[in-house]
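Report on one structure; see the data block that follows.
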Amino acid sequence: MEDFNQLKKEFGKYQPPTDLWNKIETDLEYECYIKPKLSTLPTYEVPEEIWNNITSDLPPTQNFIFRHIHLWKRTAAAILLISFGFGLGQWFLDKKETSAYSLTSNSQLLNESLEDLEDIENLKNQYVKFCKFYPGDNPCILINDLSDLESAEMELERIIRQMGNSQTISRQLRRIELEKSRIIRNMAQQI
Amino acid sequence: MLNYRLLVLFCLSLVLGLNALAQSTLKVVSKRIDKSFSYQEAYSLNIDGEKAEVSIETWNKQIVQVQMEITSRNVDKEKATRDIEKMKYMMQRVKNNLYVRNYLLNDGENSSSLLKVVYIIKVPENCPVYLKNNYGIASVKNLNNQIRINSRFSKIGLENIRGNMKIESVFGDLLGSDLWGDLTLNARRSDMFFQKLYGNVNINAEYGLIKLLLDHKLKSLHLNAINSEVFMLGENPFQMGMDIQVKNGQLDFPLHPKFKVKEQKELGLKTLLIPAAKEQQIPVTIRINLGDLLFIRKN
Amino acid sequence: MEEHKLIAACKANDRLAQQLLYDRYANAMFTISYRITKDRDVASDVLQEAFVRVFNYIHSFRGESTLGAWIKRIVVRSALAILKKEKKGLSFDLSEMDETSTRLNFDHDTDYLEKAILSLPSGYRTVFLLIEVEGYTHQDVADLLGVSVGTSKSQLFYAKKRLREILIPQN
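Chains E, P and X supply the protein sequences, listed in that same order. The opening position of the first sequence corresponds to residue -4 in the numbering used here, with each subsequent residue numbered one higher. The opening position of the second sequence corresponds to residue 7 in the numbering used here, with each subsequent residue numbered one higher. The opening position of the third sequence corresponds to residue 2 in the numbering used here, with each subsequent residue numbered one higher.
As structure tokens, this is what we get:
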């Protein structure tokens, strides 16, 4: 017995943590009594007004755009019959060309992956932290450049929503995006 | 008396200024690790870098040599010393793969120091390389075997590569010259400049600025670009077969009496077809949507 | 409508398809966001923001997970982001437990279980909900919350321990 107690003392350092049984007991009781009930937890009804709030934040739909085009076509035809001629037909053709850009503008703007967006946010935060190491005369100048470009982009998108798109505006948007990408890459290289 | 007072003020401001300067100067702590692996056929090198500058060159020894330096910069030297330990690394061989990796430890505490890793790697010419790098720079030269690169927010430079190249790049800057092997490139938000391309080139790009200097030794080029601006420079584009389509954008090509840009306004489409020499496939196919193509003739 | 057709229609900005997708997932997602934020108004904001992101970025959905899992991830991230923005953050302070949750009789229905879960400090509650109710792994939670896997495991243990203390009579 003494040998056994001696052995126990020597092997004392290999005993499990004192709170391990507590953890095991917690898990066992959780698995037995609480976990089976989780599948019966209630589901909550979403408030009705949320869908309307969501749609007001989304770009207009194809149906909406086509309805506008049809409305303008009717108006254009009426005016054509009354007094204008070929000039309005040209305006109608421009609108048809515009519709192609309007439809593509949505997909043009929205092809970013979530992973990219998260990386950009992390990068901006790291860049701001980095700027503190080098205060200088123009701290975080790239952040300012980026937000200027984002403001310009929002302005162009607003113009597209109100007046439709065109090749020139698409090109400007694209160049803004290319410039934004360049700034983001510069930030990444600096940090 | 006045001069004495001015002298004291001057010395005081000098001391304070120097003190401030010392406080704002970054302290640098660095750690250097060197390792070499003997190289055998069928081995490949796998690099996984984070905030890493990777330089890969070849030599005539059957050894893969890795020199790695980790640096940590902070105004507080103690923090720099503590944070350098957050950059973990691994260099080992598992069967036929040589693994070299560095990563930032995610222990819930972000590093307040600027951490960077610099690799200088020498490999045998025939060693295939697989490189993954985020927020860094990579330069690869004189490789005869294949290279695969997967990078985010990184600059990539390739020079004199005879093996096949496969590149995935997001938010990257890509430079390449003397590329003899086949190049497959998928890029997003990446600008690129390639010259002296001699293999089969396949580029898919989105939101990029693409500049290509075309060479008559180029085997083929397939370029698909969305929301991108493409600039091409070549001696005589009319000697190469070309099939170009630009949708919702500009197509600016040198004038030729026989080959003209055709436009379909209602579709927003501009096309140009230059047939190749007889019994040869058209080597250059370009499809651009929501972007411009400008071709400049090099004289 | 089959899911792949629904996704294609949403990508084409079809409003009816978008509403169908919203109706399919709204209640479940509202429930998750309410359980994380514990505030109906904030949960409504979370849902609105999340679904706008869903429809704006559905082009980036590559089918690597189910659509529901993808939407859920966006909702969870939005909930955590809004909590952070409102400077509530995630609390792991047991002294912030809702004191109205005294020892409850487990034989009562699942409303009591719900109340017990909602009484947990926000940090433990979030980890518990994400792993035990929503089926995320510890690695997923670590990525979402910016903590280590070890931290996620220990927070889950504390959450389970607290629930056990509330719900199961201790002899």
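No residue lacks a Cβ here, since even glycine has one placed at the ideal position from N, Cα and C.
Three-state secondary structure assigned by DSSP to residue i
i: leucine 7 (chain X); result: helix
i: tryptophan 16 (chain E); result: helix
i: leucine 149 (chain P); result: coil
i: glutamine 125 (chain P); result: Contrary to the premise, residue 125 (chain P) reads as tyrosine rather than glutamine in this sequence. Strand, per DSSP.
i: valine 134 (chain X); result: helix
i: phenylalanine 265 (chain P); result: coil
i: asparagine 106 (chain E); result: Caution applies to asparagine 106 (chain E), whose pLDDT of 45 falls short of 50 and renders its modelled position unreliable; the model cannot decide the point.
i: leucine 119 (chain X); result: helix
i: glutamine 167 (chain E); result: helix
i: threonine 50 (chain E); result: helix
i: aspartate 122 (chain E); result: Per the sequence shown, the amino acid found at residue 122 (chain E) is tyrosine instead of aspartate. In the structure shown, tyrosine 122 (chain E) sits in a helix (DSSP, three-state: H, G or I).
i: proline 11 (chain E); result: coil
i: arginine 11 (chain P); result: helix
i: asparagine 117 (chain E); result: helix
i: lysine 271 (chain P); result: helix
i: proline 130 (chain P); result: strand
i: phenylalanine 259 (chain P); result: coil
i: lysine 304 (chain P); result: coil
i: serine 45 (chain X); result: helix
i: leucine 145 (chain X); result: helix
i: leucine 66 (chain E); result: Confidence in leucine 66 (chain E) is poor, its pLDDT being 48 and thus under 50, which makes the residue's placement too unreliable to answer from.
i: isoleucine 186 (chain E); result: coil
i: aspartate 221 (chain P); result: coil
i: leucine 32 (chain P); result: coil
i: asparagine 181 (chain E); result: helix
i: glutamate 172 (chain E); result: helix
Continuous beta strand (DSSP E) stretch holding residue i: start and end
i: tryptophan 65 (chain P); result: 58 to 65
i: arginine 154 (chain P); result: 153 to 158
i: asparagine 103 (chain P); result: 103 to 110
i: leucine 277 (chain P); result: Looking at the sequence provided, one finds threonine at residue 277 (chain P) rather than leucine. Start and end: 275 to 280.
i: aspartate 179 (chain P); result: 179 to 185
i: leucine 229 (chain P); result: 226 to 232
i: isoleucine 250 (chain P); result: 248 to 253
i: phenylalanine 62 (chain X); result: Counting along the chain, phenylalanine 62 (chain X) falls outside any beta strand (DSSP E), and DSSP gives it neither H nor E.
i: glutamine 157 (chain E); result: It is not in any beta strand (DSSP E) - glutamine 157 (chain E) instead sits in the alpha helix (DSSP H) that spans 136 to 158.
i: threonine 190 (chain P); result: 189 to 194
i: asparagine 80 (chain P); result: 69 to 80
i: leucine 296 (chain P); result: Segment: none, leucine 296 (chain P) is in no beta strand (DSSP E) and carries neither H nor E.
Same chain, Cβ closer than 6 Å to residue i, neighbours up to 5 away in sequence not counted
i: phenylalanine 199 (chain P); result: Leu181, Lys217
i: methionine 96 (chain P); result: Arg107
i: phenylalanine 71 (chain P); result: One detail in the question is off: residue 71 (chain P) reads as glutamine in this sequence, not phenylalanine. So the qualifying residues of the chain are Ser42, Lys128.
i: serine 61 (chain P); result: Ile126, Ser145
i: proline 134 (chain P); result: Ser50, Asn151, Gln152
i: tyrosine 122 (chain E); result: Met182, Ile186
Residue interval of the alpha helix (DSSP H) (run including residue i)
i: leucine 81 (chain X); result: 68 to 86
i: phenylalanine 129 (chain X); result: 123 to 129
i: leucine 168 (chain X); result: 150 to 168
i: lysine 30 (chain E); result: 30 to 33
i: arginine 25 (chain X); result: 16 to 38
i: threonine 38 (chain E); result: Looking at the DSSP string, threonine 38 (chain E) is not in any alpha helix (DSSP H), and its letter there is neither H nor E.
i: histidine 90 (chain P); result: Residue identity check: residue 90 (chain P) is isoleucine in the sequence provided, not histidine. Per DSSP, isoleucine 90 (chain P) belongs to the alpha helix (DSSP H) from 83 to 90.
Beta-carbon separation (whole angstroms), residue i vs residue j, contact threshold 8 Å
i: serine 119 (chain P); j: asparagine 140 (chain P); result: Actually they do not touch by this definition, with Cβ atoms about 18 Å apart.
i: leucine 114 (chain X); j: leucine 36 (chain E); result: 7 Å
i: tyrosine 213 (chain P); j: leucine 173 (chain E); result: 6 Å
Close beta carbons around residue i, own chain, < 7 Å, minus the five adjacent residues each side
i: glutamate 148 (chain E); result: Leu168, Ile171
i: phenylalanine 244 (chain P); result: His262, Phe265, Ile280
i: aspartate 184 (chain P); result: Glu165, Asn166, Lys202
i: lysine 57 (chain P); result: Leu121, Lys122, Val123, Tyr141, Gly142
i: serine 160 (chain P); result: Asn139, Asn140, Tyr141, Gly142, Ile143, Ala144, Gly178
i: isoleucine 164 (chain E); result: Leu151, Ile154, Ile155
Residue i Cβ short of 7 Å to the ligand SAH heavy atom set
i: alanine 143 (chain X); result: With respect to the ligand SAH, the structure shown offers nothing to examine, as it has no ligands at all.
Below-8 Å beta-carbon distance, residue i vs any chain B residue
i: valine 53 (chain X); result: As a matter of chain content, chain B is missing from the structure shown, whose protein chains are E, P and X.
Other residues of its chain near residue i: CB distance less than 8 Å, five sequence neighbours each side excluded
i: lysine 175 (chain E); result: Leu141, Leu144, Glu145, Glu148
i: glycine 187 (chain P); result: Gln152, Ile167, Arg168, Gly169, Asn170, Met171, Gly205
i: isoleucine 132 (chain X); result: Thr138, His139, Val142, Ser153, Leu157
i: isoleucine 90 (chain P); result: Val35, Ser36, Lys37, Ile76, Thr77, Ser78, Ser119, Leu121
i: cysteine 135 (chain E); result: Tyr122, Val123, Cys126
TODO: Could you run through the region 160 to 181 of chain E and flag, in chain order, every residue whose CB is less than 8 Å away from some CB of chain P?
DONE: Correct list: Gln162, Ser165, Arg166, Arg169, Arg170, Glu172, Leu173, Ser176, Arg177, Ile179, Arg180.
TODO: Return the residues of the region 151 to 179 of chain P that lie within a Cβ-Cβ distance of less than 9 Å from chain E, sorted by chain order.
DONE: Answer set for the region 151 to 179 of chain P: Arg158, Phe159, Ser160, Lys161, Val176, Phe177, Gly178, Asp179.
TODO: For the region 30 to 42 of chain E, enumerate the residues whose C-beta is nearer than 8 Å to any C-beta of chain X, in chain order.
DONE: Cβ proximity to chain X below 8 Å picks out Lys30, Lys32, Leu33, Thr35, Leu36, Pro37, Thr38, Tyr39, Glu40, Val41, Pro42 from the region 30 to 42 of chain E.
Open item on the list: Can you pull out the residues from the region 206 to 240 of chain P whose beta carbon lies closer than 9 Å to at least one beta carbon of chain E?
Closed with: Hits within the stretch, in order: Glu212, Tyr213, Gly214, Leu215, Ile232, Asn233, Ser234, Glu235.
Open item on the list: Any C-beta of chain E within less than 7 Å: which residues of the region 19 to 37 of chain X qualify?
Closed with: Going along the region 19 to 37 of chain X in chain order, one finds Gln20, Tyr23, Ala27, Asn28, Ala29, Phe31, Thr32, Tyr35 with a Cβ nearer than 7 Å to chain E.
TODO: Would you list, in chain order, the members of the region 116 to 138 of chain X that have their beta-carbon closer than 7 Å to a beta-carbon of chain E?
DONE: Only those residues of the region 116 to 138 of chain X whose C-beta falls short of 7 Å from the nearest C-beta of chain E are listed: Glu133, Val134.
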